[in-house]
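Participant:
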Amino acid sequence: MPRKKAAKKSRKAAVKRKLSGKKYARKKFAKKNPRKRTAAAKATNKKSSGAVNQSQVVEPILLQPPRGMKDILPGEQEYWNRIRQVLDKSYMRYGFQRIDTPLVEFTNLFIRSIGEGTDVVDKELYSFTTKGKDRVSLRPELTAGIARAYIQHGMNVLPKPIKLFSVGPVYRYDRPQEGRYREHWQANFDIFGEDDPVLDAQIMQLAYQVLTSLGIKNIQFQVNTIGCADCRDGYVDMLTSYFESKKNKLCRTCKDRLKNNPLRILDCKEDKCVQVATNAPQTVNHLCEGCRNHFKNLLEYLDELEIPYMINPQLVRGLDYYTRTVFEIWTLEDGKKKSLGGGGRYDNLIANIGGEPTPAIGFGLGLERVALEMKKVKAKSYEPPKPKVFIAQLGNLAKKKSLNLFATMEKSSILVAESFGRGSLKSQLRMANKLGVEVTLIIGQKEALDETVIVKNMTTGTQETVPIEKVINVIKKILKIKPVFNGKKN
RNA sequence: GCGGCUAUCGUUCAAUGGUAGGACAUCGGUUUGUGGCACCGAGAAUCUGGGUUCGAUUCCCAGUAGUCGCCCCA
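Every letter in the first sequence is one number past the one before it in this note's numbering, and letter 343, counting from 1, is 1833.
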């Protein structure tokens, strides 16, 4: 071991020993003299509180975000950029208009739309009271706010259907896991004003199209219908009496659900409940004629579109506002299913929160899950354009000149990289090489005085000195040769 | 909200009841102003708080975070 290193190490060790020695002494002292210890502590407290203002006593900063929140780092942005790109293209092509609504809404809006008794409202809402005593919540999903905006701004007078697209973070106080965060991003597509099942099919096709464009494979839709206000009550009654007869075979949660929301028992994953649920009366067989036709037509459209789907009579979903069509988007992998998104029809929502009766359908996509899935299947991501030119500089005068040169290049929309903070030419060229640029411009003291620049071709290693005003042309010439060559190869 | 597992440099993988080590990455250098390869060097970590111990990064407890299963969903 070199002497320097060894010396450093022993210094480190000495520091450590010293510290642990102190610590040890403190502990020992406290143990042997508990009273003295407290007295000493009091004394130091007094001293510090006397010298320092109370408000200045700061808690150490925890270098981590709150639970369930996370950074989307530069390294993942290639996926997010691609997602944004595809979403933007898709919403415009399908005739949607973008809308952005606040992160915070009155808590009542969510209670009335999503429904009391749902997990989202009962357990997962981030609610608080403002200084003005307003009871508000962070949005747990996007549809409620959009529906509110739809009514408030009188969008019902617009030509139907009204198609709205939105994307942004939503908040649910839940136990985090991979692909499940307390803050997560959703993209939301909603169509208002038409009750034709063709729109149900189209919105599912849109979801399918977005995911396949992102390179996600093994997509499957789970579809079900839960009826409308007219036929659901009858069905729920029937379901309730069925479950009532098997009550002792249900899990505890489901016994509660029997009172509040018997539909959700169908969704329970407990073995015994699943068994009971399989033989439960199915919605499909107890619908009114309108709902039955709606579902039948939807399935025909889906067949026509060749969208992979499965009818899942157990699917009821956790938000109360759904009517008729409900669906989830799964990706299947090694026998595991993961939900990437879901949606359905909500024909009564607008009326329920104070608008005129307006049929609607929509779906939401969980973007973290989509990004995760893209990573897993190594889907194509968005790669930003890379600079092909690097500016290296030596000396103060040259630094000034190169700053100027950078601006000139930027104006002619040539992407340029630099490392102005670096001193030696060697390290700058190393950087240039690492970045994989094709041309490096070198300005030293001499060039700066002569108003010239050395243009170095990084592939061939050759270089020439050119007058500064001709640099752009020379670079364009070098860079233009390349694409033609590549074009031929491809 | 319930249960299981985990926690070491930026990343990744070691090791240890007694000075925590490597690889990758980062930064600097290998004779004047020229990259890739090679070589040399530097900085950088035991999640937090308690307990046991002469001594804890290691053992125990709690907290925090991550992760898996359940619940739920996106």
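Quick reminder that beta carbons are idealized off the backbone N, C-alpha and C, glycines included.
Given a threshold of 16 other Cβ atoms within 10 Å of its Cβ, counted over all protein chains shown, does residue 1637 qualify as buried or as exposed?
Facilitator: buried
Participant: DSSP has residue 1677 in a bridge; who is on the other side?
Facilitator: 1657 and 1855
Participant: Taking contact to mean at least 3 C-beta pairs separated by less than 8 Å, is the segment 1880-1892 in contact with the segment 1935-1947?
Facilitator: yes
Participant: Output the residue ranges of the alpha helix (DSSP H) runs that lie fully inside the segment 1694-1750 and measure 4 residues or longer, sorted by chain position.
Facilitator: 1719-1735 and 1742-1750
Participant: How about the segment 1799-1813 and the segment 1763-1783: do they share at least three Cβ pairs that are nearer than 8 Å?
Facilitator: yes
Participant: Fully enclosed by the segment 1756-1800, which alpha helix (DSSP H) runs are 4 residues long or longer?
Facilitator: 1761-1768 and 1779-1795
Participant: Check residue 1539 in the structure and name its three-state DSSP category.
Facilitator: Because residue 1539 sits at a pLDDT of 35, beneath the cut-off of 50, its placement in the model cannot be relied upon, and the following sentence gives the value as read from the coordinates. Correct three-state label for residue 1539: helix.
Participant: Where DSSP assigns a beta bridge to residue 1829, which residues make up the other side?
Facilitator: 1820
Participant: Starting from residue 1901, trace the alpha helix (DSSP H) both ways and give me its first and last residue.
Facilitator: The continuous alpha helix (DSSP H) containing residue 1901 extends over residues 1886-1901.
Participant: Counting only the same chain and skipping the five closest in sequence on each side, list residues whose C-beta sits under 7 Å from that of residue 1562.
Facilitator: Answer for residue 1562: 1570, listed in chain order.
Participant: How is the beta strand (DSSP E) around residue 1575 delimited, first residue to last?
Facilitator: Note, residue 1575: premise wrong, no beta strand (DSSP E); alpha helix (DSSP H) at 1567-1583.
Participant: Which whole-angstrom value is the C-beta distance of residue 1629 and residue 1558, which I expect to be below 8 Å?
Facilitator: Rounded, the Cβ-Cβ distance is 16 Å, inconsistent with contact.
Participant: At 3 residues or longer, what runs of the beta strand (DSSP E) sit wholly inside the segment 1893-1955?
Facilitator: 1906-1908, 1929-1933 and 1942-1947
Participant: Suppose the cutoff is 8 Å on Cβ atoms and the five residues either side in sequence are ignored; what does the same chain contact list for residue 1874 look like?
Facilitator: Once the five neighbours on either side are set aside, the close Cβ partners of residue 1874 are 1568 and 1571.
Participant: Is residue 1647 buried or exposed, if buried means 16 or more other CB atoms sit within 10 Å of its CB?
Facilitator: The C-beta of residue 1647 has fewer than 16 other C-beta atoms within 10 Å across all chains shown, which makes the residue exposed.
Participant: Please determine, among 1622, 1599, 1955 and 1586, the residue with the shortest C-alpha to C-alpha distance to residue 1611.
Facilitator: 1599
Participant: Is the segment 1715-1727 touching the segment 1583-1600, taking contact as three or more C-beta pairs under 8 Å?
Facilitator: no
Participant: Evaluate the contact criterion for the segment 1704-1718 versus the segment 1811-1825: three or more CB pairs, one atom per stretch, below 8 Å.
Facilitator: yes
Participant: Can you find the residues in the same chain that come closer than 8 Å, C-beta to C-beta, to residue 1620, ignoring five residues on each side of it along the sequence?
Facilitator: 1626
Participant: Quick check: residue 1589 and residue 1654, are their CB atoms within less than 7 Å of each other?
Facilitator: Going by C-beta atoms, residue 1589 is nearer than 7 Å to residue 1654.
Participant: Work out the CA separation of residue 1614 and residue 1659 for me, nearest whole Å.
Facilitator: Near 15 Å, if we compare the C-alpha coordinates of residue 1614 and residue 1659.
Participant: Mark residue 1711 as exposed unless 16 or more other C-beta atoms lie within 10 angstroms of its C-beta, in which case mark it buried.
Facilitator: buried
Participant: Just to confirm my understanding: we take residue 1616, look at its own chain, exclude 5 residues before and 5 after, and list those with CB closer than 7 Å. What are they?
Facilitator: 1627, 1628, 1661 and 1663
Participant: Per DSSP, which one or two residues make a beta bridge with residue 1883?
Facilitator: 1933
Participant: Go to residue 1638, then tell me how far its alpha helix (DSSP H) extends in each direction, as first and last residue.
Facilitator: 1633-1642
Participant: From residue 1606 to residue 1922, what does the alpha carbon distance come to, in whole angstroms?
Facilitator: 60 Å
Participant: Counting beta carbon pairs with one atom in the segment 1671-1688 and one in the segment 1842-1857, are three or more of them shorter than 8 Å?
Facilitator: Judged by Cβ distances under 8 Å, the segment 1842-1857 makes contact with the segment 1671-1688, as three or more pairs qualify.
Participant: Just to confirm, does residue 1794 get its C-beta within under 6 Å of one of the non-hydrogen atoms of the ligand SAH?
Facilitator: The ligand SAH is absent from the structure shown, which contains no ligand whatsoever.
Participant: Considering only their Cβ atoms, is the gap separating residue 1839 from residue 1604 smaller than 7 Å?
Facilitator: no
Participant: Assuming residue 1625 is part of the beta strand (DSSP E), what are its boundary residues?
Facilitator: 1625-1628
Participant: Can you name the residues that DSSP bridges to residue 1682?
Facilitator: 1652 and 1850
Participant: Nearest-angstrom Cα distance between residue 1844 and residue 1837?
Facilitator: 13 Å
Participant: Starting from residue 1619, trace the beta strand (DSSP E) in both directions and tell me its first and last residue.
Facilitator: 1617-1619
Participant: With residue 1611 as the anchor, note down where its alpha helix (DSSP H) starts and where it stops.
Facilitator: 1609-1612
Participant: Between which two residues does the beta strand (DSSP E) containing residue 1596 stretch?
Facilitator: Element bounds for residue 1596: 1594-1596.
Participant: Between residue 1915 and residue 1879, how many whole angstroms is the CB-CB distance? I'm expecting something under 8 Å.
Facilitator: The pair is not a contact, with the Cβ atoms about 16 Å apart (cut-off 8 Å).
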